[in-house]
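In this note's numbering, the protein residues as written are 20 to 233. By construction, the Cβ of each residue, glycine as well, lies at the ideal position given by its N, Cα and C atoms. Note sheet for the following structure.
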Amino acid sequence: MDTTATVNAVETVGRDTYALRFDAPDGFAAEPGQFVKLGTEIDGESVARFYTLSSPTVGDTFEVTVGIDPEEGGEFSAFLADAEAGTEMTLSGPFGDQHYDGEPRAVVIAGGPGVGPAVAIAERALDDGAEAAVVYRDDDVSHADRLDRLEARGAAVHLLDADEALDDAVAEALTGSEGETVFVYGFADLVADAEAAVEAAGGDAEAAKVENFG
20 MDTTATVNAV ETVGRDTYAL RFDAPDGFAA EPGQFVKLGT EIDGESVARF YTLSSPTVGD
80 TFEVTVGIDP EEGGEFSAFL ADAEAGTEMT LSGPFGDQHY DGEPRAVVIA GGPGVGPAVA
140 IAERALDDGA EAAVVYRDDD VSHADRLDRL EARGAAVHLL DADEALDDAV AEALTGSEGE
200 TVFVYGFADL VADAEAAVEA AGGDAEAAKV ENFG
């Protein structure tokens, strides 16, 4: 789908991290873990970036979580930082097949803005009567309220510092139960560490659903 989406609300969910909620265009449907391309025109040139959904479902609205570096972010980051209700952007997608698909147990390993799809998948799994675990590595916790609610609902939530090894938390999160699926969302170093931790715990990293943010 190629269309226009309008910002419904913007919420600060962590340091330099924002949840942008959009009015869903007619016919737009997506699963948690899929991503969309958002864009605008700046100085006469079209600019666009990909962002993974952080909402467990798409109804009247959908959400993406955006981490913005105030010093190194580009023009589009500045545009997103200034977005408010009523801001319009181009929308393409959704894209990607590394998303939640009704698995009976979802173990999500995330870093940085990967916390967005992590909480979305875990919420959707619990809503569907499945089990969920989140291993989240970052010095600054984003979506802390959603992580707290997930833990209160019975999800296993492991919060790690940015330089902390994943091995112990991943080993604890993995149960080896039938249908258990690992999801990984983050930058290249997090992905590499996550795959190694899964293998060290006796899991199959090649079977994981992975989105590498680069």
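1) Helix or strand or just coil, what does DSSP make of GLY131?
2) Should PHE114 go down as buried or exposed, given a rule of 16 or more other Cβ atoms within 10 Å for buried?
3) Does ASP116 come out as helix, strand or coil in the three-state DSSP assignment?
4) In chain order, what residues of the same chain have a beta carbon less than 7 Å from the beta carbon of SER73, not counting five sequence neighbours either side?
5) How would you call SER196, buried or exposed, if buried means at least 16 neighbouring beta carbons within 10 angstroms?
6) For ARG124 and GLY148, I'd like the C-alpha separation in whole angstroms.
7) In whole angstroms, give me the CA-to-CA distance for GLU30 and THR36.
8) Run the CB neighbour count on GLU199, radius 10 Å, all protein chains shown included, and call it buried at 16 or more, exposed below.
9) Could you tell me whether the stretch 96-112 touches the stretch 50-60, where touching means 3 or more Cβ pairs closer than 8 Å?
10) Need the endpoints of the alpha helix (DSSP H) that ARG34 sits in, please.
11) Is ALA152 closer than 8 Å to ALA174 when the C-beta atoms are compared?
12) Can the beta-carbon of VAL32 be found closer than 8 Å to that of GLU103?
13) Anyone know if the C-beta pair for GLY130 and LEU209 falls short of 8 Å?
14) On a Cα-Cα basis, can you pick out the residue from GLU107, ASP88, LEU178, ALA207 that is closest to ALA28?
15) Could you tell me if THR22 is buried or exposed, where buried requires 16 or more neighbouring beta carbons within 10 angstroms of its beta carbon?
16) Rank GLY105, THR194, ASP157 by C-alpha distance to the C-alpha of ASP42 and give the top, closest one.
17) Return the CA-CA distance between PHE232 and PHE206, expressed in angstroms with no decimal places.
18) Beta-carbon within less than 8 Å of LEU169's beta-carbon, same chain only, minus the 5 sequence neighbours each way: which residues are those?
19) Could you name the residues that DSSP lists as bridge partners for VAL153?
20) Our contact map puts LEU185 next to ASP212 with C-beta atoms below 8 Å; I'd like the distance itself, whole angstroms only.
21) Let me check understanding here. Comparing Cα to Cα, which of ASP116, GLN117, VAL66 lies closest to LEU99?
The relevant details are as follows:
1) The sequence position of residue 131 within the sequence shown is 112, counting from 1. DSSP places GLY131 in helix when its eight states are reduced to three.
2) Taking the sequence shown and counting its residues from 1, the one referred to as residue 114 is at position 95. PHE114 should be labelled exposed.
3) Within the sequence shown, residue 116 is the residue found at index 97, counting from 1. The answer is coil: DSSP assigns ASP116 none of H, G, I, E or B.
4) To locate residue 73, count along the sequence shown from 1; it is residue 54. Here the set comprises ALA38, GLU82, VAL83, THR84, GLY135, PRO136, VAL138, ALA139.
5) Start at 1 with the first residue of the sequence shown, and residue 196 comes out as number 177. Around the beta carbon of SER196, a 10 Å sphere encloses fewer than 16 other beta carbons of the protein chains shown; the residue is thus reported as exposed.
6) As a position in the sequence shown, residue 124 is number 105, starting the count at 1. As a position in the sequence shown, residue 148 is number 129, starting the count at 1. Take the alpha-carbon of ARG124 and the one of GLY148: they are about 10 Å apart.
7) Against the sequence shown, residue 30 aligns to sequence position 11. Against the sequence shown, residue 36 aligns to sequence position 17. When rounded, the distance between both Cα atoms is 9 Å.
8) Within the sequence shown, numbered from 1, the residue matching residue 199 stands at position 180. When all chains shown are included, GLU199 counts as buried.
9) yes
10) Locating residue 34 in the sequence shown gives position 15, counting from the first residue. Neither: ARG34 is in no alpha helix (DSSP H) and is coded neither H nor E.
11) Within the sequence shown, numbered from 1, the residue matching residue 174 stands at position 155. Within the sequence shown, numbered from 1, the residue matching residue 152 stands at position 133. Against a cut-off of 8 Å, the Cβ pair of ALA152 and ALA174 comes out as a contact.
12) Counting from one through the sequence shown, the residue named residue 32 turns up at place 13. Counting from one through the sequence shown, the residue named residue 103 turns up at place 84. It is not a contact, given that the beta carbons lie outside the stated cut-off.
13) Translated into positions along the sequence shown, residue 130 becomes position 111. Translated into positions along the sequence shown, residue 209 becomes position 190. Yes.
14) Taking the first residue of the sequence shown as position 1, residue 28 is located at position 9. Closest option to ALA28, Cα to Cα, is GLU107.
15) Start at 1 with the first residue of the sequence shown, and residue 22 comes out as number 3. It is exposed - the Cβ of THR22 has fewer than 16 other Cβ atoms within 10 Å.
16) As a first step, residue 42 is located in the sequence shown; it is residue number 23 there, counting from the start. It is GLY105 whose Cα lies nearest to the Cα of ASP42.
17) Along the sequence shown, one-based indexing puts residue 232 at 213. Along the sequence shown, one-based indexing puts residue 206 at 187. Each residue's Cα considered, the two are about 5 Å apart.
18) Translated into positions along the sequence shown, residue 169 becomes position 150. So the list reads VAL138, ALA141, GLU142, LEU145, ALA151, VAL153, VAL176, once near-sequence residues are dropped.
19) Counting from 1 along the sequence shown, the entry for residue 153 is found at position 134. In the DSSP output, where bridge partners are listed per residue, VAL153 has VAL127, VAL176.
20) In the sequence shown, counting from the first residue as 1, residue 185 sits at position 166. In the sequence shown, counting from the first residue as 1, residue 212 sits at position 193. Contact holds; Cβ gap of about 5 Å.
21) Within the sequence shown, numbered from 1, the residue matching residue 99 stands at position 80. Of the listed residues, the one whose Cα sits closest to LEU99 is VAL66.
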